[in-house]
Amino acid sequence: MLLIIRSLNTINENVLRLAHSNSSTSTRAIAQLLRISEPIVWRILSVNQMNPYNLQSFQASTLEDYQPQRNLATSFHQYSTTDTNKVRSPH
Numbered sequence: 001m002l003l004i005i006r007s008l009n010t011i012n013e014n015v016l017r018l019a020h021s022n023s024s025t026s027t028r029a030i031a032q033l034l035r036i037s038e039p040i041v042w043r044i045l046s047v048n049q050m051n052p053y054n055l056q057s058f059q060a061s062t063l064e065d066y067q068p069q070r071n072l073a074t075s076f077h078q079y080s081t082t083d084t085n086k087v088r089s090p091h
């Protein structure tokens, strides 16, 4: 059995380097690359005031991605304000 001894400083430095090099890198990916557990990655980042997160699709969205929703909201607003009898409250 091969015993690999890694210093705590080296692990910390590698985690921080990977997190800084690409802020969208997941803690899972960092853990797999360095062959350490994900909770260790979380702890290292937390101690260094870094808040890792999983990138959600809306966080990577651009203004163009919201245009269809905006068009729908605008057309509904125009439709509902042209005649108050068209859209009624259920109460």
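Each residue of the sequence shown is one higher than the one before, starting from 1 at the first, in UniProt numbering.
A virtual CB, placed ideally from N, CA and C, is assigned to each residue, including glycine.
May I ask you to report which of helix, strand or coil DSSP gives R28?
-> For the purposes of this step, residue 28 is taken as residue 28 along the sequence shown, with counting starting at 1. Three-state DSSP puts R28 in a helix.
Straight-line CA distance for M1 to I36?
-> In the sequence shown, residue 1 corresponds to position 1, counting from 1. In the sequence shown, residue 36 corresponds to position 36, counting from 1. Low per-residue confidence applies at M1: pLDDT is 41, beneath 50, and the placement is therefore not dependable, though the value from the model is reported in the following sentence. Approximately 18 Å between the Cα atoms of the pair.
Skipping 5 residues on each side, what residues in its chain have a beta carbon closer than 8 Å to that of T25?
-> What you label residue 25 is simply residue 25 of the sequence shown in a count that begins at 1. Here the set comprises L18 and A19.
Could you spell out where the alpha helix (DSSP H) holding Q69 opens and where it closes?
-> For the purposes of this step, residue 69 is taken as the residue at position 69 of the sequence shown. Per DSSP, Q69 belongs to the alpha helix (DSSP H) from L63 to T82.
Rounded to a whole number of angstroms, what is the C-alpha to C-alpha distance between I30 and T62?
-> As a first step, residue 30 must be located in the sequence shown, where it is residue number 30. As a first step, residue 62 must be located in the sequence shown, where it is residue number 62. Going by the C-alpha atoms only, they are around 27 Å apart.
Going by the CB atoms, is the gap between N51 and L16 shorter than 8 Å?
-> Within the sequence shown, the letter at position 16 stands for residue 16. Within the sequence shown, the letter at position 51 stands for residue 51. No, the Cβ-Cβ distance between L16 and N51 is not below 8 Å.
Whether L34 touches N9 by CB criterion (8 Å) = The residue given as residue 34 occupies position 34 in the sequence shown. The residue given as residue 9 occupies position 9 in the sequence shown. Result no, Cβ atoms of L34 and N9 do not sit closer than 8 Å.
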